Amino acid sequence: MTNSSLPASEQLQRRTFWRRPQGSLFTWLAPASVGLVLALLVLPPIAVLIKTSLTQEQTGAYTIAHFRDLFADPQFYTATWNSLLFSGLSTALSILFGTTVAWVVVRTNAPWRGLAYVTAAVSLGTPYILHVMAWLFFLGRSGPVNELYRAFTDTGGNLFDVFSMSGMVLIQGMLWSPLVFLLLAATFERSNAEWEEAARMCGASIARTMWSISFRQAWPAITGMALFVFIRNLESFDVPVLVGGPGRVYLLTTDIYLSTTEMPPKMGRASAFSVILIAVLSAALLCYNRYSANADRYASVTGKGYRPRPFDLGRHKWLGTAVVVLNFLFVLGLPLIVSLWLSLMPFARPFAMAALPFATLENFQQVLSDRHLIGLGINTLVVAAEAATLAMLIAAVAGWLVVRHQAGARLIEVLSSIPIVFPGIVVGVALILIALNLPIPLYGSLTLIMLAFLIRFLPYAMRYAHTGVLQIHRELEEAAGAAGAGQFTVFRKIVVPLLVPALVSGWVFIFLLGANELSMSILLAGANSQVMPVAIYDRWSSGQNVEVFALGLVWTAFMSVLMLVLYLTGRRFLAALRPANL
Amino acid sequence: MLLVSDLTRLFGASSANSAGLHPLSFSLKDGTFFTLLGPSGCGKTTTLRCIAGLERPDRGSIRLGDTVLFDDADGIEVPLNQRGIGMVFQSYAIWPHMSVFNNVAFPLRVTRGTKPSASEIEALVEDALRRVDLSGFGPRSPTQLSGGQQQRVALARAIVRKPRLLLLDEPLSNLDARLRDEMRAELKRLQRELGITTVYVTHDQSEALELSDLIAVLDKGKLRQLGSPREIFFDPADSFVANFMGSPNLLAGRTLADVAAGGMGQVELANGHTLVCRFPRTLAAGSSTTVSLRPEAIRVTTPEQPPTSDGEINRLDGRLISLDFQGYGSRCLVDIGGHSLQANIDSRAGIGANAAVALTFPATEALALSQ
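These protein sequences, in sequence, are chains A and B.
Per the working numbering, the very first residue in the first sequence carries number -16; after that it's consecutive.
Per the working numbering, the very first residue in the second sequence carries number 476; after that it's consecutive.
Laid out in structure tokens, this is it:
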């Protein structure tokens, strides 16, 4: 502790890469081992991508041909443009939708507001692929939208071609809006209601207050969120491959995937693509960090724990409710209803009363009796749980070291945040390359998928641990030191117990991400290491398009129950740990 | 005995005016209640944290009894967890995941080289809790306690090991006014009872006056005055100390003759008036000085009224600018030509705003201080 805890000189130390280790073994052993583990996880993927992108496949000689070919290929520019367009438009859609819902839910008295939280929570637990498949059917050739159009216009054509850029944007925008809603709702809740109340007292109307105060106040948060969502969209894979693939709308991520699936796989090209994508994302992220550094300037966290009084919408209450219900339908209701309908049909049939007598549970029977699928499910849970556990373990120590400015803090911070610029598909490519070059038989194993998850989700784990440590008052640790505890004892007896809630929520988040992850698993899953999202994808692309909905629904139900159990036991566990709320 | 010598701690560029601590020395006899007093940023908390071992001084040495805790010349630095000092933090720092008993028992369990038995721990914790009036609170969760009770747990935890030194970092600042008074009395009682050397940090002068045996007034990392509460209050070393101890009236002037410490002499104010003042420190003729005048020492009368007391040989005439009713007394602001002075006045004296008034006060109450 002697070399930590200098509040007034924090500014000075933030830039320190290395401080003279002092005191107990723990003081230098912890940073050294965490730094080493992080470096081993994070640096090889970049190294192997750069090396492969500069190596000729047959001869192994140095070459810049992969990059030259890429830049000479018109397809590269199309893909880049498509990626930017897709990300920009779907970001705009999810921000617009998510913000509106968040404001209605947090700041007005519209009835049924609570529905939005349920919607967001359940939708985040559903695999993206199920959402996407449902939307594809709903808006597709034989879906109700085009059916109705044909019925009314008497033509044989389609109103809407879902396998297009607009279809991709619509689906992706809906996929991301629950997360936008959740994050912005938190921002709106924290916002200083007194500013709004002051504006109302000065005589401003609700609309005027919203425009001049509420949104101005939330503007930095909204734009920051938009940049973040844009970056995530740039590296998204599910929608591009499922929607863009059949529609021949190729994006950077799908191009990388296609390069690896060609025979023989064009790993050089995929690596070059990946390096470029990492560069683009790094640049975007740099902007984001610059931007978000002063995004907090309006943040006003007051110690008073009162909830701001919501706006009374008066006669327009129903409008707010309409927004909430619409959100429920688009984000959760529609995908679930479509999935349920199809899963009950012996083959894909449009919505019609005439089809009802054919409804059968056969698909569910088939799915539930398939032993192979049960093993698959267990695989998925084990991999996700392993990755989440390891990530939170590393992050707990690393986050503490970073927040308390221990030796090597800056280095650890940089290392642990590097994977933010690795899209899933890129991690997949990198780990294939690494596994192929290693003497140990990692290729095609579950361990490899677990490693990919660990690398990819490490920054999220760090975010949870970091925030968690920040909430532990420094004096709690200092008091333990003054009471005679050494640094390891302080960490074990004070920091870890107080960090448990943050670690548990981080674990659940990463577990969920891992269990529904497609882009890494699709490249890394071997014959003996299948995971559920890949199995769903395979069945969908091979045309088993009713059974797959049953599988998706069963998986969703299972994950929901699991989450509920985790949540309930977790709450009991936390309650036992601390008798009263902090 | 706590001996602190040439303690120096600089933040940022080591310029003369930077925040931090310029060489500071003091020594405390066993059992002393010592207060570091000053405005925020004066270095009082830094000093405390250096003694605790939470911060490393740049230079200097700290000794407790015959143990050297820190000495930069010899490269000695005892880690904070081996110093055996009790400390109460500003936020109390009660660990929310442990019961009251476990909070208080923690120091006993983690101290190196000792392994007290469960029954010994129980006895010691019980004793500490009893001393702070929390008997029977052991099994409770600290989150169920009020601010004042958390404060007592923090105290119990600090004294449970019977340390040689107790450090208190603004422990009363988070309590409301009434609890503060109660805890003040309790702190003093506990300190006397245990006879433990105590270093107390506060920015509240009335707390310091009431509790301390010895006070150090700090400003911008420099020691302004070290003395007993009476000395600090009645004989402030300079205008900063006088002002910080609650004197709002500081008049710039010039000494007319050499005056030795403790003597009386004349000071000419900037507006031409001459006052007879007491000199707590020796000042040479012609040196610039600040005259400090406590509001309660000034008598406000109408100009016609003759002075009632022989001692009040100083008289200034002025005009009443404002009058704030505060009960029996009112606070008034009097313009004496270029200066305004704060004074207290009987609310029933019948003097209203804008009236011409005379201010009289004895020479012993007008202190000529170095600037």
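Virtual Cβ for every residue (Gly too), placed ideally from N, Cα, C.
No experiment lies behind these values; they were computed from the predicted model shown.
Going by DSSP in three states, GLU172 (chain A) sits in which element: helix, strand or coil?
Locating residue 172 (chain A) in the first sequence gives position 189, where the first residue counts as 1. Correct three-state label for GLU172 (chain A): helix.
Determine which residues share a DSSP beta bridge with LEU795 (chain B) and list them.
Translated into the one-based positions of the second sequence, residue 795 (chain B) becomes position 320. In DSSP, LEU795 (chain B) forms a bridge with B:VAL809.
Inter-stretch contact (C-beta, 8 Å, three-pair minimum) for the region 519 to 539 of chain B and the region 542 to 553 of chain A:
no
Environment of SER16 (chain A) [buried if 16+ CB atoms lie within 10 Å]
In the first sequence, the residue the question calls residue 16 (chain A) occupies position 33. Exposed, since its Cβ has fewer than 16 Cβ neighbours within 10 Å.
Candidates A:VAL258, A:GLY467 and A:ALA368, of which the one nearest PHE440 (chain A) by Cα
Here residue 440 (chain A) corresponds to residue number 457 of the first sequence, with the count starting at 1. Looking from the CA of PHE440 (chain A), the closest CA among A:VAL258, A:GLY467 and A:ALA368 belongs to A:ALA368.
Looking only at its chain, what residues have a beta carbon closer than 8 Å to the beta carbon of PRO532 (chain B), apart from the 5 residues adjacent to it on each side?
Mapped onto the second sequence, residue 532 (chain B) falls at position 57. The answer, listed in chain order, is LEU482, THR483, ARG484, LEU496, CYS525, PHE545 and ASP547.
Return the Cβ separation of MET445 (chain A) and ALA381 (chain A) in integer angstroms, given the expectation that the two are a contact with Cβ distance under 8 Å.
Locating residue 445 (chain A) in the first sequence gives position 462, where the first residue counts as 1. Locating residue 381 (chain A) in the first sequence gives position 398, where the first residue counts as 1. Contact flag correct, Cβ pair sits at about 6 Å.
Excluding five sequence neighbours on each side, which residues of the same chain lie with their C-beta closer than 7 Å to the C-beta of VAL385 (chain A)?
Locating residue 385 (chain A) in the first sequence gives position 402, counting from the first residue. Excluding sequence neighbours, VAL385 (chain A) sits near ALA392, ILE395, GLU396 and HIS449.
If you draw a straight line from the alpha carbon of SER502 (chain B) to that of PHE564 (chain B), how long is it in whole angstroms?
As a first step, residue 502 (chain B) is located in the second sequence; it is residue number 27 there, counting from the start. As a first step, residue 564 (chain B) is located in the second sequence; it is residue number 89 there, counting from the start. Rounded to the nearest angstrom, the two C-alpha atoms are 23 Å apart.
On the DSSP bridge assignment, give the partners of GLY696 (chain B) in chain order.
Start at 1 with the first residue of the second sequence, and residue 696 (chain B) comes out as number 221. Residue pairing by DSSP leaves GLY696 (chain B) without any beta bridge partner.
For VAL365 (chain A), count the other beta carbons within 10 Å of its own beta carbon; 16 or more makes it buried, fewer makes it exposed. Which is it?
Within the first sequence, the letter at position 382 stands for residue 365 (chain A). Looking at its Cβ environment, which holds fewer than 16 other Cβ atoms inside 10 Å, VAL365 (chain A) is exposed.
Could you name the residues of chain B that THR472 (chain A) contacts, counting a contact when the two beta carbons are closer than 7 Å?
Taking the first sequence and counting its residues from 1, the one referred to as residue 472 (chain A) is at position 489. Going along chain B in sequence order, the residues near THR472 (chain A) (Cβ under 7 Å) are VAL585.
Output the boundary residues of the alpha helix (DSSP H) element that contains TYR675 (chain B).
Start at 1 with the first residue of the second sequence, and residue 675 (chain B) comes out as number 200. Taken as a continuous stretch (DSSP letters only), TYR675 (chain B) belongs to no alpha helix (DSSP H), being part of the beta strand (DSSP E) at 672 to 677.
From which residue to which residue does the beta strand (DSSP E) around ASP481 (chain B) run?
One-based indexing of the second sequence puts residue 481 (chain B) at position 6. 477 to 485 is the extent of the beta strand (DSSP E) around ASP481 (chain B).
Considering only residues of the same chain and omitting the five flanking positions on each side of GLY518 (chain B), which have a CB-CB separation below 7 Å?
The residue you call residue 518 (chain B) lines up with position 43 of the second sequence. For GLY518 (chain B), where only same-chain residues beyond five positions count, the Cβ hits under 7 Å are GLY495, LEU496, LEU693 and GLY696.
Between the alpha carbons of TYR100 (chain A) and THR83 (chain A), how many angstroms are there, rounded?
Working through the first sequence from its first residue, we reach residue 100 (chain A) at position 117. Working through the first sequence from its first residue, we reach residue 83 (chain A) at position 100. One C-alpha to the other measures close to 14 Å.
Chain A contacts made by the region 561 to 574 of chain B, where a contact means CB separation under 9 Å
GLY561, MET562, VAL563, PHE564, GLN565, SER566, TYR567, ALA568, ILE569, TRP570, PRO571, HIS572, MET573 and SER574
List, from N- to C-terminal side, the alpha helix (DSSP H) runs of 4 residues or more that fit wholly inside the region 317 to 341 of chain A.
317 to 327
What does the Cβ neighbour count give for CYS807 (chain B), buried or exposed, with the cut at 16 atoms within 10 Å?
Position 332 of the second sequence, counted from the start, is the residue given in the question as residue 807 (chain B). With 16 or more Cβ atoms within 10 Å of its Cβ, CYS807 (chain B) is classed as buried.
Give the interface partners of HIS456 (chain A) over in chain E, defined as CB-CB distance under 7 Å, in chain order.
Checking the listed chains, one finds no chain E in this structure; the protein chains it contains are A and B.
Three-state secondary structure (DSSP) of PRO4 (chain A):
Counted from its first residue, the first sequence places residue 4 (chain A) at position 21. With a pLDDT of 40 at PRO4 (chain A), under the threshold of 50, the modelled position of that residue is not reliable, and the figure given next carries that caveat. Three-state DSSP puts PRO4 (chain A) in coil, outside helix and strand.
Can you give, in chain order, each stretch of the alpha helix (DSSP H) that sits fully within the region 494 to 559 of chain B and has at least 4 residues?
The alpha helix (DSSP H) runs of length 4 or more contained entirely in the region 494 to 559 of chain B are, from start to end of the chain, 519 to 527.
What does the Cβ neighbour count give for LYS287 (chain A), buried or exposed, with the cut at 16 atoms within 10 Å?
One-based indexing of the first sequence puts residue 287 (chain A) at position 304. Here the model assigns LYS287 (chain A) a pLDDT of 36, short of 50, so the residue's position is not dependable, and the following value carries that caveat. When all chains shown are included, LYS287 (chain A) counts as exposed.
Any idea if TYR289 (chain A) is buried or exposed, counting beta-carbon neighbours within 10 angstroms, 16 or more meaning buried?
As a position in the first sequence, residue 289 (chain A) is number 306, starting the count at 1. Residue confidence is low: TYR289 (chain A) scores 44 on pLDDT, short of 50, so the model does not pin down where it sits. Its coordinate-derived value is still stated next. TYR289 (chain A) comes out exposed.
Assuming LEU98 (chain A) and VAL307 (chain A) form a contact by the criterion Cβ under 8 Å, report the distance between their Cβ atoms to the nearest whole angstrom.
On the first sequence, residue 98 (chain A) is found 115 positions in, with the first residue counted as 1. On the first sequence, residue 307 (chain A) is found 324 positions in, with the first residue counted as 1. Indeed, because the Cβ distance is near 5 Å, the residues count as touching under 8 Å.
Using a Cβ-Cβ distance under 8 Å, would PHE581 (chain B) count as near chain A?
Taking the second sequence and counting its residues from 1, one reaches residue 581 (chain B) at position 106. Yes, because at least one Cβ of chain A sits closer than 8 Å to the Cβ of PHE581 (chain B).
Does the beta carbon of GLY382 (chain A) come closer than 8 Å to any beta carbon on chain B?
By one-based count along the first sequence, residue 382 (chain A) stands at place 399. No, GLY382 (chain A) does not count as interfacial toward chain B.
Minimum Cβ-Cβ distance from GLY467 (chain A) to chain B less than 8 Å:
By one-based count along the first sequence, residue 467 (chain A) stands at place 484. Closer than 8 Å to some Cβ of chain B, the Cβ of GLY467 (chain A) qualifies, so yes.
Where ILE847 (chain B) falls: helix, strand or coil (DSSP)
Since the displayed chain B opens at 476 and closes at 846, residue 847 (chain B) lies outside it and no answer follows.
Of all Cβ atoms in chain A, is any one closer than 8 Å to the Cβ of ASN746 (chain B)?
Residue mapping note: residue 746 (chain B) aligns to position 271 of the second sequence, counting from 1. Closer than 8 Å: no.
Same chain only: Cβ atoms within 6 Å of PHE313 (chain A), ignoring 5 sequence neighbours per side:
Against the first sequence, residue 313 (chain A) aligns to sequence position 330. Closer than 6 Å at Cβ, skipping near neighbours: MET157.
Alpha carbon of ASN789 (chain B) to alpha carbon of ALA772 (chain B), nearest angstrom:
Locating residue 789 (chain B) in the second sequence gives position 314, counting from the first residue. Locating residue 772 (chain B) in the second sequence gives position 297, counting from the first residue. Rounded to the nearest angstrom, the two C-alpha atoms are 11 Å apart.
Determine, using beta carbons only, whether ASN819 (chain B) comes closer than 8 Å to chain A.
Position 344 of the second sequence, counting from 1, holds the residue named residue 819 (chain B). Not flagged as an interface residue toward chain A: ASN819 (chain B), since no C-beta distance is shorter than 8 Å.
Of all the options A:ARG90, A:ARG522, A:LEU482 and A:PHE311, which has the alpha carbon lying nearest to the alpha carbon of GLU172 (chain A)?
Taking the first sequence and counting its residues from 1, one reaches residue 172 (chain A) at position 189. Nearest of A:ARG90, A:ARG522, A:LEU482 and A:PHE311 to GLU172 (chain A), Cα basis: A:ARG90.
Could you work out which residue in A:HIS355, A:PRO293, A:PHE135 and A:SER504 is closest to VAL88 (chain A) when comparing CA atoms only?
On the first sequence, position 105 is the one that residue 88 (chain A) refers to. Checking every option, the nearest Cα to that of VAL88 (chain A) belongs to A:PRO293.
Does DSSP put ASP353 (chain A) in a helix, in a strand, or in coil?
Within the first sequence, the letter at position 370 stands for residue 353 (chain A). Reduced to three states, the DSSP call for ASP353 (chain A) is coil.
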